[in-house]
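Here the sequence shown is numbered in the numbering used here, starting from 4 and rising by one per residue. Beta carbons are placed, not taken as given, at the ideal position from N, Cα and C, and that holds for glycine.
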Amino acid sequence: MKLLSYLFPQLLSTYHSKINGEIKVVESFGRRAIYVDGAPQSGAEIWPMWEKIIKNLELKIKNCLILGVGGGDVIKIIRKYYPEAVITGVEIDPIMIDIARKYFNIKSSDKLKIIHADAFAWIKLEKKKFDLIIFDLYLGKFNPPNARTISFLDDLKKLSNDRGFILYNAHYQNDEEEYERLLKDCHIVFRHAELLLSSPYSRILSLR
Numbered sequence: 004m005k006l007l008s009y010l011f012p013q014l015l016s017t018y019h020s021k022i023n024g025e026i027k028v029v030e031s032f033g034r035r036a037i038y039v040d041g042a043p044q045s046g047a048e049i050w051p052m053w054e055k056i057i058k059n060l061e062l063k064i065k066n067c068l069i070l071g072v073g074g075g076d077v078i079k080i081i082r083k084y085y086p087e088a089v090i091t092g093v094e095i096d097p098i099m100i101d102i103a104r105k106y107f108n109i110k111s112s113d114k115l116k117i118i119h120a121d122a123f124a125w126i127k128l129e130k131k132k133f134d135l136i137i138f139d140l141y142l143g144k145f146n147p148p149n150a151r152t153i154s155f156l157d158d159l160k161k162l163s164n165d166r167g168f169i170l171y172n173a174h175y176q177n178d179e180e181e182y183e184r185l186l187k188d189c190h191i192v193f194r195h196a197e198l199l200l201s202s203p204y205s206r207i208l209s210l211r
């Protein structure tokens, strides 16, 4: 299958999730990717975006929280640049967890804990604080609506160490007024909010 993928993309599997709808696992040029509602969730289009940001973080990361595991690209990049970091990943969709395990070799270990839970409920109960929090929750092409609220941003802040760092993957859409409202809310909750990178599908915000 890997050799054929260099000629044209190979569909490895299609899943139907109650949470994410249609999920496709595709292999192209020897690399696997996940597409949800036609939008890339992991793979060649996503990896460079996250790697560019994560490798340049000037942080000592002992523990990291990832909200939205997907295919595990962010987990692998954290492992690459911060091999000693203990990672907690929270994912609501059991099908996505199975895909990450089967096709991307993402499994719980002594330095990786994958939790099947609703991230919005989970962060309200969690007491541990993290050096790095990565928000990467999507339903298809968009963040869940309640992720773009002051209440949720405040919950994120409570889990961040005093010198911690939050990377917020905000969906990209043409509704600039909605995006400006999100930025305004970020500035209300955090002392620092900055756009780090923009792509066809998302904007990565730095929150501290």
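Sixteen is the threshold: since fewer than 16 other Cβ atoms of the shown chains lie within 10 Å of the Cβ of Pro97, the residue is exposed. In the DSSP assignment, Ile136 forms a beta bridge with Leu68, Ile169. When secondary structure is reduced to three states using DSSP, Arg104 falls in the helix class. Residue burial is scored here from C-beta neighbours: Asn146 has at least 16 other C-beta atoms within 10 angstroms and is therefore classed as buried.
Arg184 sits exposed, since fewer than 16 C-beta atoms from the chains shown fall within 10 Å of its C-beta. Just so you know, the alpha carbons of Ile80 and Glu25 end up roughly 26 angstroms apart. By the Cβ neighbour-count rule, Tyr106 is buried, with 16 or more other Cβ atoms within 10 Å of its own. Distance from Tyr175 to Tyr204 at the Cβ level is roughly 5 angstroms; contact confirmed, criterion being Cβ atoms closer than 8 angstroms. With a threshold of 16 other beta carbon atoms within 10 Å, Gly33 falls short and is exposed. The C-beta distance from Ile207 to Ile78 rounds to 17 angstroms, too long to meet the 8 angstroms contact threshold. In the structure shown, Asn164 adopts extended strand secondary structure according to DSSP, grouped into three states.
Counting the other CB atoms within 10 Å of its CB gives Asp121 a total below 16, which places it among the exposed residues. Contact check for Val89 and Lys114: beta-carbon distance about 5 angstroms, within the 8 angstroms limit, so the pair qualifies. Membership of Glu94 in the beta strand (DSSP E) is indicated by the continuous run 89-94. Counting other Cβ atoms within 10 Å of its Cβ, Ile69 reaches 16 or more and is therefore classed as buried. In this structure, Gly167 places its C-beta atom within 8 angstroms of the C-beta atom of Ile136. Of all alpha-carbon atoms in Ala173, Ile102, Tyr18, the one lying nearest the alpha-carbon of Gly75 is that of Ile102. In terms of Cβ geometry, Lys187 and Leu162 do not form a close pair [threshold 8 angstroms]. Rounded to whole angstroms, the gap between the alpha carbons of Asp158 and Phe11 is 44 angstroms. Assigned with DSSP and collapsed to three states, Ile22 falls in coil, not helix or strand.
Beta-bridge partners of Thr17 (DSSP): Lys27.
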